[in-house]
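Data first, discussion second: the structure below is written as structure tokens.
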Amino acid sequence: MASPFAAISFSFFLFSFLSFAQSSTIGVTYISRLLEIQNRERAPPSVQIAAAYGVLHRLLPSHSSSFEFGIVSKEQCGGDSCFIISNHPSSSGHGAPEILITGVTGVEIMAGLHWYLKYWCGSHISWDKTGGAQLLSVPDSGSFPRVQEAGILIQRPIPWNYYQNAVTSSYTSAWWDWKRWEKEIDWMALQGINLPLAFTGQEAIWQKVFRNFNISHVDLKDFFGGPAFLAWSRMGNLHGWGGPLPQSWLDQQLLLQKKILARMYELGMTPVLPAFSGNVPAALKYIFPSAKITRLGNWFTVGGNPRWCCTYLLDATDPLFIEIGKAFIQQQLKEYGRTGHIYNCDTFDENTPPVDDPEYISSLGAAIFKGMQSGDSNAIWLMQGWLFSYDPFWRPPQMKALLHSVPMGRLVVLDLFAEVKPIWITSEQFYGVPYIWCMLHNFAGNIEMYGILDAVASGPVEARTSENSTMVGVGMSMEGIEQNPVVYDLMSEMAFQHNKVDVKVWIALYSTRRYGKSVPEIQDAWNILYQTVYNCTDGSYVSAPT
Ligand SMILES: *[C@@H]1O[C@H](CO)[C@@H](O)[C@H](O)[C@H]1NC(C)=O
Ligand SMILES: *[C@@H]1O[C@H](CO)[C@@H](O)[C@H](O)[C@H]1NC(C)=O
Ligand SMILES: *[C@@H]1O[C@H](CO)[C@@H](O)[C@H](O)[C@H]1NC(C)=O
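Numbering (numbering that gives the first Met the number 0), first residue to last: 0 to 545.
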């Protein structure tokens, strides 16, 4: 079967052999123990395969019988996670499976399916709001393009592909129902995302935790923000604004979270759960009068009104901090029945500690981690590195104190804005601490044509292959989604690309995939866009310090 993409598929075939030459990063060895635990605890292969078929049925129901899926071990991949695309051995005409896709988890199977649809069938998959999926170029069942006889094996150069930002819930998904979430999780799987943030429903958990600390539902009315403002009340930037939350909302969000987590686990993902950052309701002060509780400063309060600002922060060195931190992890374990052992906590995001003594900072970091660890002995702390990129408080001694306050390998930092302001370069690879190279790309859900494709196509490869690299993943940490699909298509691919991508070549194929056929005028237009509006690093965040 002649495929218009045969030339492209050949180059990927060569590349898949080259990938064996690459070895894993130093950072991976620090966290290899956790990766082994996660492997052991993953859903059984039959569950992951069924979940993968579920995605296929929703995406391409007419071609469901054309693919067969299977799970393989890392050993069969040459040591790292991979997917393998091959011609089905029993491929014989209409109705029989034609293409066999295997992967280490359901996510790798889906990433393999996406790869095949992109590079053999010329498809393009994006959010509904950015045009949805272009699948018209997929041939009829029975005439699928065949791959090379030996098959195509694509390894992940780094174990993790992270997704979301602590504020995405408020900029994009505040009102999503299960149907929309299901679609997003399908999209994540197709992009190969295996480390998504899972923040939905945490207020219902907090309600239960705080009840055990004698804080009533009424006390919480002024603590949680309204549904669209939860990102900021979670981080202690404001409280009560847009609230109070009715019990029906709390209950329904918890149910939604349980569905989200179940699906993520079925696909073999590791959802990242929230952890206690010190943000507490005002009532805690009266119930525990001797607790060390400070009041944060004004973070852009609504209408300049102090009513919504200046939340209360429990000092991490107070023994109550570890108690609450532990109770929060345990309550999540009780509700969800399991955990992937990775917890996000951003105590200092846009809130600086009261003193800059490195020893004090180190004690804060150690206590935050202790809270997580006493609830889950395998806990790993995932922290946004945003604070290091904008806040002059974090000079090398302060930064080092925080990063080294936790045993090496138990803290992973998100280099949040690495496509424009990579911190790994100026911090000697986060002073040896494992990190994830993230593309921030979007601020505040603002919609504009924007995104520096060259930095996305080369930055993660430069970081991973740099001397003494501690990079353990790539990620997308945009504040709002459903915009600029070209940028997300390229960035997702970087989780599987071992070498820098030639954007000029890539974008020509992109336009063909997006519109379902090759139109020279459209290719020219995309080339112009690539060299002009998409070659800009300051559009989204004009006040970014450079
Ligand atoms: C909550 O209040 C009850 C009754 O006053 C008291 O016995 C209990 O110790 C309190 N719990 C905490 C965690 O302070
Ligand atoms: C890499 O690590 C080695 C051994 O610790 C050290 O000697 C060398 O200077 C490091 N290289 C860079 C670029 O930091
Ligand atoms: C992007 O802009 C930089 C600086 O002006 C320039 O050096 C580079 O060639 C441009 N890249 C593209 C793809 O046009």
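Cβ coordinates follow ideal geometry from the N, Cα and C atoms, glycine included.
DSSP assignment within the region 278-355 yields the following whole alpha helix (DSSP H) runs of 4 residues or more, N-terminal first: 283-286, 318-335. Put simply, the region 198-214 touches the region 236-254. At least three CB pairs are less than 8 Å apart. Buried is the label assigned to Arg155, since at least 16 other Cβ atoms lie within 10 Å of its Cβ. When Ala173, Thr351, Tyr161 are compared, the shortest CA-CA separation from Met187 is found for Tyr161. Note on the region 142-193: whole beta strand (DSSP E) runs with a minimum of 3 residues are 151-154, 159-162, in chain order.
Annotation: Met407 to Asn193 spans about 22 Å, alpha carbon to alpha carbon. Judged by DSSP secondary structure, Tyr115 falls outside any beta strand (DSSP E) and instead within the alpha helix (DSSP H) spanning 105-118. If you look at Met263, you'll find it in the alpha helix (DSSP H) that goes 246-265.
For Ser85, the pairing in a beta bridge is given by DSSP as Leu99. The beta-bridge partner set that DSSP reports for Leu272 consists of Tyr342. Not a single heavy atom of ligand 2 lies less than 8 Å from the C-beta of Glu461. In the DSSP assignment, Gln383 is bridged to Leu413. DSSP places Val455 inside the alpha helix (DSSP H), whose first and last residues are 452-464.
Taking C-beta atoms under 8 Å as the contact rule, Tyr342 and Leu402 fail to qualify, at a distance of about 17 Å.
With a cutoff of 9 Å on beta-carbon distance, Leu152 and Ile83 are scored as near each other. When only Cα atoms are considered, Ile259 and Lys182 end up about 11 Å apart. According to DSSP, residue pairing for Glu67 in a beta bridge involves Leu99. Residue environment: Tyr285 is assigned as exposed (fewer than 16 neighbouring CB atoms within 10 Å of its CB, all protein chains considered). In the structure shown, the three-state DSSP call for Gly364 is helix. For Ile435, the enclosing beta strand (DSSP E) begins and ends at 434-438. Thr167 places its beta carbon less than 9 Å from that of Gly479. Residue pairing from DSSP places Ile124 in a beta bridge opposite Ala132. For Met490, the uninterrupted alpha helix (DSSP H) run begins and ends at 484-492, by DSSP.
Of all alpha-carbon atoms in Arg57, Cys76, Gly77, Ala49, the one lying nearest the alpha-carbon of Glu67 is that of Ala49. Nearest to Cys76 by alpha-carbon distance, out of Pro158, Ser63, Ser122, is Pro158. Of the residues Tyr118, Thr104, Ala110, Ala95, the one whose Cα lies closest to the Cα of Ser142 is Ala95.
Nearest C-alpha to Trp393 among Arg294, Val411, Ile379, Thr425: Thr425. In the DSSP assignment, Met470 is bridged to Tyr434. Less than 9 Å divides the Cβ of Ala230 from the Cβ of Ser169. Secondary structure note for Gly515: it is in no alpha helix (DSSP H), with a DSSP letter that is neither H nor E. Ranked by Cα distance from Tyr311, the options Gln331, Met234, Phe368 are led by Met234. Contact between Ile328 and Met398 is absent: CB atoms are separated by about 26 Å, not below the 8 Å threshold. With respect to Thr293, Pro195 sits apart: the two C-beta atoms are not nearer than 9 Å. Beta-bridge analysis with DSSP links Met475 to Tyr162, Met438. Placement of the Cβ of Asn467 at a distance of less than 8 Å from at least one heavy atom of ligand 2 is found. In this structure, ligand 3 has a non-hydrogen atom nearer than 8 Å to the beta-carbon of Asn534.
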